[in-house]
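Its first residue numbered 10, the sequence shown is counted upward by one per residue in my numbering. All C-beta atoms in this analysis are idealised placements derived from N, C-alpha and C, irrespective of residue type, glycine included. Note that the structure is predicted; figures quoted are calculated from it, not measured. Notes for the one structure printed next.
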Amino acid sequence: MSKEKRETISKSRKNLDTIADFLDGIEKSIQIEVHMKDLEPQFRAVMTALKDTFEDLNVLFDESVELKKREEQKLSDLQDQLNSVTLSLQTLEEENRKLTKKKRAKVSKSK
């Protein structure tokens with residue numbers, strides 16, 4: 010995994026840890042009856058952090074999906090090539106049998 014991807018995952022984990030801590034703080038604030046309007050700036054910050062984290066993780070997910078698609082396409086291409094070679098081999102074997110049969114027939118007639 011690239012350094013950039015590791016850093017993105019680490020940043021996302023830290024953001025989520027911070028958000029979890031913040032939500033714990035909100036829970037405690039509600040218990041001591043802090044008005045929700047007073048928490049609006051913190052909610053906005055959490056929502057922004059969640060959005061950023063989602064976008065970062067979504068980029069990593071999209072990259073992994075694309076990589077998997079490319080690997081599956083490569084495998085499919087190889088399977089197609091294998092099938093083509095197998096068909097060619099069968100055709101050559103059949104032609105070889107026919108030629109061998111003709112050769113044996115000629116040899117038998119000339120004796």
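- A distance of 9 Å or more separates the beta carbons of I35 and F63.
- Pairwise C-beta distances place the stretch 85-97 out of contact with the stretch 62-77, as fewer than three of them are shorter than 8 Å.
- The DSSP-derived three-state label of E42 is coil.
- DSSP, read as helix, strand or coil, puts M10 in coil.
- Distances from the alpha-carbon of N24 to those of M56, E80, S93 put M56 closest.
- The beta carbon of V68 lies closer than 8 Å to those of T17 in the same chain, with the five residues before and after it left out.
- Going by DSSP, L59 is part of the alpha helix (DSSP H) stretching over 49-119.
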